[in-house]
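Participant:
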Amino acid sequence: MKARISPLPRAFFSRPTLTVARESLGKQLLKLEADGTRLAGIIVEVEAYIGETDLGCHARAGLTARTAPLYGLPGSAYVYFTYGMHWMLNFVTEYEGFPAAVLLRALRPTEGLSLMQARRQRPPAELTNGPAKVTQAFGIDRVWNEYDLCTADARLFLADGPHCPETIPAARPRVGLRNTPEPWRSLPWNLKLRDQVAEEANG
DNA sequence: AGGACGATTAACT
DNA sequence: GTTAATCGTCCTG
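In structure tokens, the structure reads:
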């Protein structure tokens with residue numbers, strides 16, 4: 099009988115958001131479906147959103163019904179709805195009462211490809227190469243908002259990846275902050291694995 | 001009550 | 001390069 103993969107502990111998330119973001123790269127996201135299907139992928143792109151003073155972060159408006167999860171337990175999920183049709187998955191970071199999170203933007207799918215493709219027919223490389231594609235492929239929606247990723251029996255969680263830890267990720271401005279003022283708009287808080295950058299350059 | 005807008009995506013020209 | 005799709009949330013009045 100195969101041993102269950104352990105979720106990363108809350109201590110992983112209870113650190114500065116940029117540290118969590120950087121170290122999330124190369125980790126894997128796992129989801130255990132009710133029927134036993136296991137979905138997994140290696141995280142290759144994330145973004146950091148840090149506090150009420152970050153005018154690119156939803157928490158810029160303070161504590162509201164929508165942003166409450168950002169102020170919650172580190173290691174829990176912040177799942178929000180946008181553009182009338184898309185869900186986004188974040189990992190809450192830092193400490194309770196401080197609103198910050200890491201947005202999961204892309205991963206390399208490794209397990210459960212057939213279920214992902216049943217949810218939406220596409221080539222494997224285009225299954226999870228965007229934040230709304232990840233949630234669609236993994237079947238993540240409002241039900242998972244505030245879900246605790248750190249319990250021993252979590253059905254959605256992060257775990258160590260199969261590869262060596264990343265050295266220095268590529269850092270660029272965050273994507274999609276069209277009306278966010280400077281300097282927040284240009285802060286290099288989008289982080290990618292370097293081999294992912296190279297792969298995108300090749301096509 | 002009404003409107004602006006969005007941490008996106010796919011499908012255009 | 002541009003734009004439609006589509007609706008929850010927040011702000012204004």
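Residues 99 to 301 (this note's numbering) are what the first sequence spells out, left to right.
All C-beta atoms in this analysis are idealised placements derived from N, C-alpha and C, irrespective of residue type, glycine included.
Using a Cβ-Cβ cutoff of less than 6 Å, which residues in the same chain neighbour M186 once the five nearest sequence positions on both sides are dropped?
Facilitator: Y178, P229.
Participant: Report the partner residues of N188 according to the DSSP bridge assignment.
Facilitator: Paired residues: Y176, L201.
Participant: Please go through the same chain and pick out, in chain order, the residues whose beta-carbon is closer than 7 Å to the beta-carbon of H184, but skip the five residues on each side of it.
Facilitator: Cβ neighbours of H184 beyond the five flanking positions: A230.
Participant: I'd like to check one pair, T191 with F111: are the Cβ atoms closer than 8 Å?
Facilitator: Closer than 8 Å, so yes.
Participant: CA-CA distance, L161 and P197?
Facilitator: About 9 Å.
Participant: Do you know offhand how far C248's Cα is from G170's?
Facilitator: Roughly 13 Å between the two C-alpha positions.
Participant: For A157, which residues in the same chain have their Cβ closer than 8 Å to its Cβ, ignoring the five residues on either side in sequence?
Facilitator: Contacts found: Y147, G149, E150, T165, L168, Y169, P197, A198.
Participant: Determine, using beta carbons only, whether P114 and L256 come nearer to each other than 8 Å.
Facilitator: No, the pair does not count as a contact, with Cβ atoms beyond the cut-off.
Participant: Would you list the one or two residues that DSSP bridges to I126?
Facilitator: Checking the sequence, you will find Gln at residue 126 rather than Ile. In the DSSP output, where bridge partners are listed per residue, Q126 has I140, A257.
Participant: Mind checking which residues open and close the alpha helix (DSSP H) that includes L213?
Facilitator: Start and end: 211 to 217.
Participant: Taking R108 as part of the alpha helix (DSSP H), name the residues at either end of that continuous run.
Facilitator: Residues 108 to 111.
Participant: Could you tell me which residues DSSP pairs with Y147 in its beta bridges?
Facilitator: Its beta-bridge partners are A199.
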